[in-house]
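Here is the structure we will look at.
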Amino acid sequence: MVGQLFTDTVRAGTWLGYTGKPITDIVNIGIGGSDLGPKMICLALRQYAHPRLTMHFVSNVDGHDIDAALARVNPETTLFIIASKTFTTAETMMNAQTARAWFLQHAKESELSRHFVAVSTNTEA
5 MVGQLFTDTV RAGTWLGYTG KPITDIVNIG IGGSDLGPKM ICLALRQYAH
55 PRLTMHFVSN VDGHDIDAAL ARVNPETTLF IIASKTFTTA ETMMNAQTAR
105 AWFLQHAKES ELSRHFVAVS TNTEA
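Its first residue numbered 5, the sequence shown is counted upward by one per residue in the working numbering.
Structure representation (structure tokens):
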């Protein structure tokens, strides 16, 4: 139920970024099933996609994927989903750190929780 409430809040435009603007872009950072699964869900359900929300997917560690995604989004209105089963996957953590550093060039550390969420089976992470 928590996941449904969260997605409803984002879709309704009531999950706000650090400047009070609604989220317009969602960047999923993951690799393997943490990338392919969300991509396939978005593709299969694209007819139900919210017109205000744009999805971006980052899975490659070479830097191009994350750089390209960050060039297309606004830190004020972007939500990052860090998806990792264990939170030990080097590629995912490197891309997440890059996104975090980029975000902190624009906002304070206290604003991170409005823009970064995690999906994992590792409840200790």
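For glycine and all other residues, C-beta sits at the position ideal for the given N, C-alpha and C.
Just the Cα atoms here: how many angstroms apart are residue i and residue j?
| i | j | result |
| --- | --- | --- |
| Phe10 | Gly67 | 29 Å |
| Ala94 | Val62 | 13 Å |
| Ile35 | Ser88 | 8 Å |
| Asp29 | Phe107 | 14 Å |
| Leu49 | Lys43 | 10 Å |
| Leu57 | Pro26 | 10 Å |
| Tyr52 | Trp19 | 19 Å |
| Glu128 | His54 | 33 Å |
| Asn78 | Gly41 | 25 Å |
| Leu83 | Met97 | 16 Å |
Based on DSSP bridge pairs, tell me the residues matched to residue i.
| i | result |
| --- | --- |
| Pro26 | Leu20 |
| Val131 | Limits of the chain in this structure are 5 at one end and 129 at the other, which puts residue 131 out of reach. |
| Asn32 | Phe61, Ile85 |
From which residue to which residue does the alpha helix (DSSP H) around residue i run?
| i | result |
| --- | --- |
| Leu74 | 68–76 |
| Pro42 | 37–48 |
| Ala94 | 94–108 |
From which residue to which residue does the beta strand (DSSP E) around residue i run?
| i | result |
| --- | --- |
| Leu83 | 82–87 |
| Thr58 | 58–62 |
CB-CB under 6 Å to residue i, same chain, minus the five flanking residues each way: which ones, in chain order?
| i | result |
| --- | --- |
| Ile148 | Examination of residue 148 is not possible in this model, given that the chain is present from 5 through 129 alone. |
| Tyr22 | Ala111, Glu115, Arg118 |
| Ile86 | Ile33, Ala100, Ala122 |
| Thr90 | Asn126 |
| Thr13 | Trp19 |
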